[in-house]
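Report on the following structure.
Protein chains: 2
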Amino acid sequence: MGEGERTWTALEALRERLTGTLARVGSAGEAALEAQVREALALVVACRSEAERWRGLLERFLDPAVLAHLLAADPPMVSGARQEVTVLFADLQGYSDLCERVPLEELTSVLGRYLAVALEAIRWEGRVVDRWIGDAVLGWFNAPGDLPDHLYRALRAAWRMQQALGALHPTLPPEGRRRLCIGLPTGEVWVGPVGTSDYWSYTVVGSVVNYARRLQEAAPPGQIMLSRAVFERLRDRIEARALPGFPVRGGSQVVPVYRFLGFREEGP
Amino acid sequence: MGEGERTWTALEALRERLTGTLARVGSAGEAALEAQVREALALVVACRSEAERWRGLLERFLDPAVLAHLLAADPPMVSGARQEVTVLFADLQGYSDLCERVPLEELTSVLGRYLAVALEAIRWEGRVVDRWIGDAVLGWFNAPGDLPDHLYRALRAAWRMQQALGALHPTLPPEGRRRLCIGLPTGEVWVGPVGTSDYWSYTVVGSVVNYARRLQEAAPPGQIMLSRAVFERLRDRIEARALPGFPVRGGSQVVPVYRFLGFREEGP
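Protein chains in written order, with numbering that gives the first Met the number 0: chain A, 0 to 267; chain B, 0 to 267.
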């Protein structure tokens, strides 16, 4: 239970005790105090309900892991840091085409169901889902806080996402049955608040994030493309096929990429 | 002053009055009540400070117009709706290349300064900045709430962004002196919460958003590309050059796009 929850619980208990005390008092000498205390109690209730609206909104907009990390700091602002993470970038096959074909209401509904599947899979592995723009979902593993075996967990989340999406298809209108294209690299990024001092995202920055997008663009629908570093570190535990890579901008080398085929260990 | 601010102000005033009353009382009969009231006051202060942390975080993560819109609803959840908006999609020229060239700390600092310029320009016109992924900034004009002349205001914000960015260049390291590529279409979108019932973005959805991205990709660095609808509706007030468009996916027509050249009226 966090500091915030303790404050609310204690406040509620005190409110009940004070209400009881007030029911028992009432002599002339205490009348002025009693009126003010009654007013205070009503205000405390209003304040609590207002604050809970704010808290409720925060929980809808910030990933739970990020929210806990920010509230643990006092003031709730954290500085960024370098950190090795595995990035998961997922995008819906033919989303532009879908936008042209279905009414806005249906589009929003289909998109919401895809996002629910993507979120569930990433959170099942206990990690952070960033915001999305359009149909692009960015998640990462190993910040804030260390996550042992983050490469494998990220890959398992990607695999789970593809499976869950397949299971969703029969419930979707035919033109909404799309697959995800997923890119999955690992490397050092900057993790922390990005933006201005009074308006920021808690997100990841660096060439690994761009590389995740390029891997995603190279992935056929329903597939997961791994960077060489991910493949090298998981090679004893997974099957994957090397494919010609693409030149890394600013670099002279063409590094291979890997299409994920399956887990060697008993499936997740 | 919103409902929330009124609650806090009233609470603070009452806290002062009660503290004064408590300083004057102290007879034996009031002792028990007094102790409880002192405890209540301490808790109210703790509750207020906790709630203000939450509110402070909300203000850092949600656009002020969106936050006000959400808090005006009770419960603070709103349904989406169709709405005509002008979308502004901005992206930093050669961002991937920049990522490869500079250390993460410098990258984050340069990115933060670009975002500050983009935000300031959009907010100066009083409109919503959505989240970003990497260097992509999505803003829109005319929701929540109507914004008269939203096409012209959106274009003025885009122009202002380009000007402000140019002014920023001398203060940036040479490899960080990039321009923005901006796409600016208008049309009907879905505006509202997108995602799952307990984790969502307040954002815009529809083919107009994809089209904004494609216009942005077609814009040379430092330029603003308009959709035909934007040009048609502003043609008496601006100068623009028609260029060959690109086929709209799912459609058979190739619609021209327009490169913005300048305002006819006295500059904004």
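Backbone N, C-alpha and C fix where the C-beta goes; we use that ideal spot for every residue, glycine too.
Note that the coordinates shown come from a computational prediction; the quantities given were computed from them, not determined experimentally.
Identify which residue in the options has its Cα closest to the Cα of residue i.
i       : options                            : result
S200(B) : S206(B), V109(B), G191(B)          : G191(B)
L61(A)  : L118(A), P184(A), T170(A), L164(A) : L118(A)
S108(B) : A166(B), L171(B), L154(B)          : L171(B)
E264(B) : V256(B), L233(B), A50(B)           : L233(B)
F259(B) : A156(B), N209(B), V116(B)          : A156(B)
Y113(B) : L167(B), P173(B), E58(B)           : L167(B)
E187(A) : V203(B), L42(B), P102(B)           : P102(B)
R227(B) : V203(B), L70(B), A217(B), Y257(B)  : Y257(B)
V207(B) : T85(B), E51(B), G19(B)             : T85(B)
E216(B) : D197(B), G93(B), R240(B)           : G93(B)
A135(A) : E105(A), R176(A), A153(A), G182(A) : G182(A)
V204(B) : P147(B), G79(B), R176(B)           : G79(B)
L225(B) : L154(B), D235(B), E174(B)          : L154(B)
I237(A) : W158(A), T202(A), S95(A)           : W158(A)
S95(A)  : G133(A), E104(A), A71(A)           : G133(A)
Name the one or two DSSP bridge partners that residue i has.
i       : result
T195(A) : Y198(A)
Y257(B) : L225(B), A241(B)
R122(A) : Answer is none; R122(A) lacks a bridge partner.
A67(A)  : The partner list for A67(A) (beta bridge, DSSP) is empty, contrary to what the question assumes.
C180(A) : D90(A)
W189(A) : R81(A), V204(A)
P246(A) : V253(A)
F262(B) : I237(B)
F140(A) : T85(A)
CA-CA distance, residue i and residue j?
i       : j       : result
H149(B) : N141(B) : 6 Å
W189(A) : Q82(A)  : 6 Å
R212(A) : F88(A)  : 6 Å
G261(B) : F230(B) : 12 Å
Q162(B) : S48(A)  : 45 Å
V65(B)  : V77(B)  : 10 Å
M0(A)   : A67(A)  : Caution applies to M0(A), whose pLDDT of 45 falls short of 50 and renders its modelled position unreliable; the value that the coordinates give is listed next. One C-alpha to the other measures close to 11 Å.
W139(A) : P219(A) : 21 Å
I121(A) : R37(B)  : 46 Å
V254(A) : P169(A) : 38 Å
G221(A) : M160(A) : 10 Å
W53(B)  : R54(A)  : 6 Å
A45(A)  : L69(B)  : 18 Å
A34(A)  : A50(B)  : 26 Å
D197(A) : G111(B) : 11 Å
L137(A) : P63(A)  : 15 Å
E124(B) : P147(B) : 11 Å
G165(A) : V193(A) : 35 Å
N209(B) : G144(A) : 35 Å
Y151(A) : T202(A) : 21 Å
A39(B)  : I223(B) : 58 Å
G19(A)  : E104(B) : 57 Å
D235(A) : A72(A)  : 40 Å
R59(B)  : A239(B) : 37 Å
G244(A) : G244(B) : 31 Å
L32(A)  : L32(B)  : 9 Å
N252(A) : Q252(B) : Note that residue 252(A) is Gln in the sequence shown, not Asn. Looking at the two C-alpha atoms, the distance is approximately 41 Å.
Just confirm the distance between the C-beta atoms of residue i and residue j, as a whole number of angstroms; I'd bet it's less than 8 Å.
i       : j       : result
L214(A) : P246(A) : Actually they do not touch by this definition, with Cβ atoms about 14 Å apart.
G179(A) : L91(A)  : The displayed chain sequence assigns Leu, not Gly, to residue 179(A). Confirmed, Cβ separation roughly 6 Å.
T195(B) : A115(A) : 4 Å
G10(B)  : L42(A)  : First, the residue type needs correcting, since residue 10(B) is Leu and not Gly in the sequence shown. Confirmed, about 5 Å.
L56(B)  : L57(A)  : 6 Å
R100(A) : E174(A) : 5 Å
R177(B) : L97(B)  : 7 Å
Would you say residue i faces chain E, with C-beta separation under 9 Å as the test?
i      : result
D62(B) : Absence of chain E from the displayed structure is noted, the protein chains being A and B.
Checklist entry - the segment 80 to 113 of chain B: which residues have C-beta closer than 8 Å to a C-beta of chain A, in chain order? => result Taking 8 Å as the upper bound on Cβ-Cβ separation, chain A lies near residues R81, Y94, S95, D96, C98, E99, R100, L103, E104, L106, T107, L110, G111 of the segment 80 to 113 of chain B.
Checklist entry - Taking a cut of 8 Å between CB atoms, which residues from the segment 134 to 149 of chain A lie near chain B? => result Going along the segment 134 to 149 of chain A in chain order, one finds A135, L137 with a Cβ nearer than 8 Å to chain B.
Next on the checklist: By the 9 Å beta-carbon criterion, what residues does the segment 215 to 226 of chain A contribute toward chain B?
Outcome noted: Per Cβ criterion, the list is empty.
Checklist entry - Listed in chain order, which residues of the segment 192 to 205 of chain A have Cβ atoms closer than 7 Å to some Cβ of chain B? => result Within the segment 192 to 205 of chain A, the residues whose Cβ lies closer than 7 Å to some Cβ of chain B are V193, G194, T195, D197, Y198, W199, S200, V204, G205, listed in chain order.
Next on the checklist: Residues of the segment 113 to 124 of chain A in Cβ contact with chain B at a cutoff of 7 Å, in chain order, please.
Outcome noted: Within the segment 113 to 124 of chain A, L114, A115, L118 place their CB atoms closer than 7 Å to a CB of chain B, listed in sequence order.
Item to check | chain A contacts from the segment 157 to 177 of chain B (Cβ-Cβ distance under 9 Å) | outcome: Under the 9 Å Cβ criterion, the segment 157 to 177 of chain B contributes no residue.
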